[in-house]
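Working notes, structure below.
In my numbering, the protein residues as written are 219 to 527.
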């Protein structure tokens, strides 16, 4: 299953941001910059064949394999080339929930938790309506941005700037990959999402909700309608894109990590059912051990400096 992160539209989006890109082995590599160094990154990558030659001219390259098979290919590259492979911080979420939406819509609803179905019905009963926009997305961006900044302030996280989202929707709209959804009532926006569709997968990439009328359960209905819309486009999987769950052996179930800042969001996503997917993580393939050690030292100093600010 190829990720939207390797689509031609995503590559054009990166280039519009001024990011250098290279394609090799069917995978998209983007050049990233860190203190004192530039390196190549490929995320959700399906690896095969030989290590791309162009990578060897850098201190290291960062990989986020999509599955264990791709991780084994990466490990083989390290072994045969005599390179060290070091775990590092992931750029993309290390875990997600993917809902099977090949079944009929009503069957998908029945596979959700009972409380989730109740809240979906409650939102509809309360008069919440869901709008879907797949064209002229730039005109809808201010609505999305307003709810996103409210959520960021409430939950205390940083967002990309508005130009980032504008560039994204402009490029992805050309391939009919990007869609804005808004859950509204009486002309007031209550919740929103940026939904990406690529191949047979619909991905809930970014979402937000307002500070008022949260009792109306607008996000629940919005996701239900996103699934219905994705099915109409021929999608068979709905990727909720990022959870922080741990498996509780005593309960034989997945639960949000205790005390984690995203516990509420992860619990919400669990309600839609689906399969919890754990990705292998991120790894640096190191071509120049001495320079990589210098990079690690500089990164550590920058991290300490930020912690004192």
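Here a beta-carbon is modelled for each residue, glycine too, at the ideal position from N, C-alpha and C. Remember, it's a predicted structure, so these values are computed and weren't measured experimentally.
Query raised in the report: If you drop the 5 nearest sequence neighbours on each side, which residues of the same chain put their C-beta closer than 7 Å to that of residue 271?
Result: none
**Report entry** Nearest candidate by alpha-carbon position, reference residue 372, set 293, 494, 427, 300
**Finding:** 427
**Report entry** Range of the contiguous beta strand (DSSP E) that encloses residue 558
**Finding:** Missing from the structure shown is residue 558; the chain here goes from 219 to 527 and no further.
Query raised in the report: Taking buried to mean at least 16 other C-beta atoms within 10 Å of its own C-beta, is residue 487 buried or exposed?
Result: buried
Report task. Indicate whether residue 265 and residue 248 have their beta-carbon atoms separated by less than 8 Å. Result -> no
Query raised in the report: Does DSSP put residue 527 in a helix, a strand or coil?
Result: Summary for residue 527: the model assigns pLDDT 41, below 50, so the residue's position carries little reliability; its value from the coordinates is reported in the next sentence. In this structure, residue 527 counts as coil in the three-state DSSP scheme.
Query raised in the report: Is it buried or exposed for residue 345, if we count other Cβ within 10 angstroms and need 16 for buried?
Result: exposed
Query raised in the report: When we look at the beta-carbon of residue 369 and count the other beta-carbons within 10 Å, is it buried (16 or more) or exposed?
Result: Flag for residue 369 reads buried.
**Report entry** Sequence-distant residues of its chain with Cβ nearer than 7 Å to residue 527 (five each side left out)
**Finding:** Residue confidence is low: residue 527 scores 41 on pLDDT, short of 50, so the model does not pin down where it sits. No coordinate-derived value is stated.
Query raised in the report: CB-CB under 7 Å to residue 525, same chain, minus the five flanking residues each way: which ones, in chain order?
Result: Reliability of the predicted coordinates at residue 525 is poor, the pLDDT of 44 falling under 50, and the value obtained from them is presented with this limitation in mind. Contacts found: none.
Report task. Indicate whether residue 439 and residue 338 have their beta-carbon atoms separated by less than 8 Å. Result -> yes
Query raised in the report: For residue 483, which of 517, 466, 425, 498 has the nearest alpha-carbon?
Result: 425
Report task. Starting from residue 333, trace the alpha helix (DSSP H) both ways and give me its first and last residue. Result -> Residue 333 -> alpha helix (DSSP H) spans 332 to 343.
Requested in this report: Could you work out which residue in 254, 263, 233 is closest to residue 244 when comparing CA atoms only?
Outcome: 263
Report task. With a 10 Å radius around its C-beta and 16 neighbouring C-beta atoms as the bar for buried, classify residue 307 as buried or exposed. Result -> exposed
Query - Which of helix, strand or coil DSSP assigns to residue 517 - result: Of the three classes helix, strand and coil, the one that applies to residue 517 here is helix, per DSSP.
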